[in-house]
């Protein structure tokens, strides 16, 4: 399977993100690398792309971006929309 079903709870949680960027300052990998794909907002968009069939799960850049996440969830406390990042990844 190359997609995550759009009905999945991970996809539904990804829709809570309003792309405000307040998570960026809280994310250690974004602070170090400075790449959008290495931010919570960027990873959420990548996973949404997988769910919508725009990005293949086997895409090397997807795995790299997800592997850079430290799973510290500092982004969750910074998020005004209450995105539950841990339930998306």
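Residue numbers (our numbering): 7 to 95.
Every residue, glycine too, gets a C-beta built ideally from N, C-alpha and C.
Could you have a look at residue i and say whether DSSP puts it in helix, strand or coil?
{"i": "residue 65", "result": "coil"}
{"i": "residue 88", "result": "coil"}
For residue i, which residues from the same chain have a beta carbon less than 6 Å from its beta carbon, with the 5 sequence-adjacent residues on both sides left out?
{"i": "residue 48", "result": "42"}
Using C-beta distances below 7 Å, list every residue in its chain close to residue i, excluding the 5 sequence neighbours before and after it, in chain order.
{"i": "residue 55", "result": "61"}
{"i": "residue 15", "result": "93"}
Among the residues of its own chain, which have a CB less than 8 Å from the CB of residue i, if the five just before and after it don't count?
{"i": "residue 50", "result": "20, 23, 89, 91 and 94"}
{"i": "residue 76", "result": "34 and 35"}
Flag this pair as yes or no: are the beta carbons of residue i and residue j separated by less than 9 Å?
{"i": "residue 85", "j": "residue 46", "result": "yes"}
{"i": "residue 67", "j": "residue 26", "result": "no"}
{"i": "residue 32", "j": "residue 52", "result": "no"}
Worksheet item: Where are the alpha helix (DSSP H) runs, 4 residues long or more, that stay fully inside the segment 22-76, in chain order?
Response: 34-39, 46-57 and 66-73
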